[in-house]
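For reference, the structure is listed below as structure tokens.
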Amino acid sequence: MMRTHSFHGGIHPPENKHQSTRSPIADAGIPPQLIVPLSQHIGAPAAPVVRAGERVLKGQVIAEPQGLVSVPVHAPSSGTVVAVEDRLVPHISGHTAPCIVIDTDGRDEWIAHQGTPDYRALDKEALLARIRNAGIAGMGGAGFPSAVKLAVRDDVTIDTLIINGTECEPYITADDMLMRERAAEIITGARILAYLVKPGETLIGVEDNKPESIQALRDALDGDDIRIVVFPTKYPSGGEKQLIEILTGKQVPSGGLPADVGVVCQNVGSAVAVYEAIIEGKPLISRVTTVTGESVSEPQNFEVLIGTPMAYLLAKAGYQSAKNNRLIMGGPMMGFTVPDPTVPIIKTTNCLLAPTEAELPTPPPAQACIRCGLCANACPVSLLPQQLFWFAQGKEYEKLEAHNLFDCIECGACSYVCPSNIPLVQYYRASKAEILQQRRDHAKAEHSRQRFEARLERLEREEEEKAAKRAARKQAAEARAREDAGGGGSDDPIQAAIERAKAKKAAQQSGTDAGTANPLEALEKAVVSAQKRLDTANDKLAQAQADGSDLVAALTTGVEKTRAKLATAQDALQAYRPQADDTGVAATATPADAAQLAIEKALAARNAEAQLSPSEKARASLANLEQRLQKSRDKLAQSQAAGDEPKIVEALEATVERLTEKVEAARKQLHTTESA
Amino acid sequence: MLRITSPHAHGPLSTQRVMQTVLLATLPGVVVLTAFFGFGTLVNILWGSLVAVALEALALKLRGRPVGFYLKDCSALVTAFLLCIALPPYSPWWLIAVGIASAILLGKHFYGGLGYNPFNPAMVGYVILLISFPLQMTSWAPPRGVGEVPGLLEALQACFLPATYDGTTMATPLDVLRQNNSLLMEDLWAQSPVFGRWAGIGWEWVNIAFLAGGLWLLQQRIFTWHAPVAMLASLALLAAIFYDGGSSASGGSPLFHLLSGATMFGAFFIITDPVSSAVSVRGRLIYGALIGVLIYVIRVRGNYPDAVAFAVLIMNFAAPFIDYYTQPRTYGHKRAGRED
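First to last, the sequence lines map onto chains A and B.
Numbering (our numbering) for the first sequence: 28 to 703.
Numbering (our numbering) for the second sequence: 1293 to 1632.
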């Protein structure tokens, strides 16, 4: 006999197990319809790979795992997929979830599958892949994907592999019957698991209230590589953490995993599923489920296909719904009520409990807590439930956390012993949910805050960069202006031209002020200077075109403008000369009249323009732009035809592009003004 | 169909049953008290219970609580029984009524009712009476075999027509011992008529009877052994240390202290009140042990007939503090998880 340890607290509720162990495990058969939920495990739901109307074979993958912590789902029998839709599922929340609905054809036709009788022929990765591909998730209740649990890192040493055959919860006998009838498979399954995690020792833990199971396991065990450990019955010995303490004396650190203390724990049902997956090549498509309670006339265990509606299974056990006050999936301590008997059996459905009102009465209203401390004595994790209750009532979340609320395993022992009928576990569940929600909200708020601050910082940085650029540009311009003044060449002809123009205008102004005595001279000077500027601009344009500079377009416009100015200056000069001649020498009047006419025409045009409505103005500018665009295009075409340097062509192309954009903008402008 | 979350099963214990079991467990003590001191205690209990239930109902009604539902928990009856057992037999009706009112209203409902009272309500009532009416509260009738024991009619008369009743009273063994400063224990035992085999005549059997009731409660798992055993052990230990071989300055033998006054009654019926005591196992050991120390000190050095009530009230103050420092170590944690 191996020395076992005990854990704090625990209770001894009436076992009520004998009712369902009187007959062997029965085959529940094939129901007309199977409803297979995509999420029967902890982790990401599987993604369907079949569509309505598709025929599926027994064992065929109908949904693929998503991500690491996930398992596939298989068709439990052959038939036709009739829907992939949300259905009511057995979950504590009573919500709907995606399911694949299969109308069975009764032929139960298997997909091709092959087992590997000698599992040692496979390496660790291959075994893990098979376990995962067989859709095995913890069958004791939580449904954690087994392959994830078994994928022990190489640097972690596992001292103990525990096969959990405790089944401490009242009423449930699924594991008990499995051990009685399929002990050899459990042993082989345990050996496969041991081959995977390479533990120092392999233990099968069974409570002493299952003598038949213990005997069956002992009979099936043909070696000394596995030990069957029997320990006194106490609820909740079957809790993973409690069982680890019982068998090894170690406690899993709070918030940690069994592997942290060198332990891996698997349920006997999972061991059988692993056996079937590896040795027989069958995926997890059925399980043993206890149907019990005083509302069924023949309480017993069934081998039932996953997806079988509960109502179908209940009917097999002689269910009298009129007597039933609540339908529980799981046991009376940790099970939850299912919303409706149409929900399906899933991989974690170890028991359907259909009690009568006399059997599990409706809880009476809670009385005052008299701090009797029975709950603290019963708590298997040594919490102070009455303190937690006090804090939960006052919503003192920090105190709840300081009193280790999150170490509560929700076994229900405290509620069970409470003489005042206080639903303690419900308070804890609600508080946990509220704290988790608060944490999420807090994280969200924190995230938003960080994002907001980052944005402010970015805007500030951008603003600074802009300012710096502006300053740099200004500085460069000033430097160039100085250089120009010193007669040096310039990188920025426009800037330089502007500077020069400004300087000249200033000079001209002073010139006209000073030299009003001779306006003719001034006009002549203007013509000469305009001519000069036109020449310079033309030179620059040619230079830019040769360089392929971006400035070609701007320079072209500059040249045109200068040319226009020169024309104006010449006109003005011409208009002045006859006046001068009138006063002095009588000269030819016609050109002067022509100039006058031109001036008048220009003035009229300007006046007309001033009187234009916004839409007309816009239209005019659009027309102007279109003209310019056409011109640019022609130039580009010419240039291309002439086989100019690519740089020039590119520059012209850029001009065309820019003008196209401008035309586009002008069109939009026109559109808005017209619609306005 | 019911839609509730786990657990669905519930144990057989209810608060009502706890209270009723406690009431039942007082019976041996009450019977022995009646046998030695007459019907006084019984009349106390009857009258006290009546007043307690009436006041409880009134308080519940005033506080807008369902009267029937809360009366069912029998906590008011338990308070009445405990206070009336502690009061001297043949107490006048008004004394009992004032005591019960103090216990039920001041000791319990003023704090929010059952479960919220920081002090043991019965002891609150007792101490208020002791301070307010010291004469009445220190008048104990002599036990059978020492003096005259009144009959049932006289007991009723003493209670309801106190002005017309003229009963005899006598110093209790604890008083006698405390006031002694000249005689050796042996001589005191020989000279004073109040002493019996181990302690006072009658008192020793009363204590044994309450011990029996208390052991039954332990067997019924109404409370754990920690606080009573710790209290009796520390009281006995201090008595043993200061026994002084039975000199005239002796504080009395351990057995004398264990079987005198309200020792056993206090150990099993008063300090085990869950509401006002410490909760954790270690906490209850400390709580009980310190009560034992206080009882001894107040008995021997103080000026009151007994010390249980004061000791309990003082430790009631300390219970939350003790709980704070005796939190158990939660599974998977390295240290006991205090709020740090």
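Note that beta-carbon positions come from the ideal geometry of N, C-alpha and C, so glycine has one too.
Proximity test, Cβ basis, 8 Å: residue i and chain B
i: C396 of chain A; result: yes
i: G37 of chain A; result: no
i: Q413 of chain A; result: yes
i: T364 of chain A; result: yes
i: C292 of chain A; result: no
i: S66 of chain A; result: no
i: M29 of chain A; result: no
i: G400 of chain A; result: yes
i: N377 of chain A; result: no
Per-residue DSSP class, three states only, for residue i
i: D1458 of chain B; result: coil
i: E112 of chain A; result: strand
i: W1386 of chain B; result: helix
i: V257 of chain A; result: strand
i: T615 of chain A; result: Annotation note: pLDDT 46 at T615 of chain A (below 50); position unreliable, coordinate value reported separately. Looking at T615 of chain A - three-state DSSP - the assignment turns out to be coil, as it is neither helix nor strand.
i: S447 of chain A; result: coil
i: F1548 of chain B; result: helix
i: E228 of chain A; result: strand
i: T1538 of chain B; result: Checking the sequence shown, residue 1538 of chain B turns out to be Gly, not Thr. Helix, per DSSP.
i: L379 of chain A; result: strand
i: Q293 of chain A; result: strand
i: F1329 of chain B; result: helix
i: L270 of chain A; result: helix
i: K628 of chain A; result: helix
i: N1409 of chain B; result: coil
i: N191 of chain A; result: strand
i: Y454 of chain A; result: helix
i: N651 of chain A; result: helix
i: W1432 of chain B; result: strand
i: K588 of chain A; result: helix
i: F1425 of chain B; result: coil
i: A395 of chain A; result: coil
Residues near residue i by beta carbon distance below 6 Å, same chain, minus five either side
i: V554 of chain A; result: A596, Q597, L600
i: L1582 of chain B; result: M1607
Test: residue i CB closer than 8 Å to a CB of chain A
i: Q1312 of chain B; result: no
i: T1371 of chain B; result: no
i: L1577 of chain B; result: no
i: G1624 of chain B; result: yes
i: A1519 of chain B; result: no
i: R1627 of chain B; result: no
i: I1396 of chain B; result: no
i: D1365 of chain B; result: yes
i: L1325 of chain B; result: no
i: T1333 of chain B; result: no
i: I1296 of chain B; result: yes
i: L1305 of chain B; result: yes
8 Å Cβ shell around residue i - same chain, five flanking residues per side excluded
i: N236 of chain A; result: E42, K44, T260
i: I1420 of chain B; result: V1390, G1391, S1394, L1398
Alpha carbon of residue i to alpha carbon of residue j, nearest angstrom
i: A645 of chain A; j: T700 of chain A; result: 8 Å
i: G1492 of chain B; j: P1413 of chain B; result: 28 Å
i: V1345 of chain B; j: L1466 of chain B; result: 33 Å
i: V1498 of chain B; j: A1559 of chain B; result: 13 Å
i: Q1363 of chain B; j: T389 of chain A; result: Inspection of the sequence shows that residue 1363 of chain B is occupied by Leu rather than by Gln. Straight-line Cα distance between these residues: approximately 21 Å.
i: A669 of chain A; j: T584 of chain A; result: 22 Å
i: A1378 of chain B; j: S1540 of chain B; result: 29 Å
Cβ shell of residue i (< 7 Å), same chain only, five flanking positions each side left out
i: V83 of chain A; result: V77, I89, A102, S105, G106, V108, I129
i: V331 of chain A; result: A55, S313, R314, T316, L340, I372
i: V1370 of chain B; result: M1311, V1314, L1315
Heavy atom of the ligand HEM within 7 Å of residue i beta-carbon
i: A602 of chain A; result: With respect to the ligand HEM, the structure shown offers nothing to examine, as it has no ligands at all.
Check: Listed in chain order, which residues of the segment 1406-1418 of chain B have Cβ atoms closer than 9 Å to some Cβ of chain A?
Finding: Within the segment 1406-1418 of chain B, L1406, G1407, Y1408 place their CB atoms closer than 9 Å to a CB of chain A, listed in sequence order.
Checklist line | Positions along the segment 172-195 of chain A whose CB lies within less than 8 Å of some CB in chain B | finding: none
Notebook entry, point to check: Which residues, in chain order, does the segment 1532-1551 of chain B contribute to contact with chain A at a C-beta distance below 7 Å?
Noted result: From the segment 1532-1551 of chain B, no residue has a Cβ closer than 7 Å to chain A.
Item checked: Where the segment 1591-1612 of chain B meets chain A: residues whose CB sits under 7 Å from a CB there -> Correct list: empty, as no residue qualifies.
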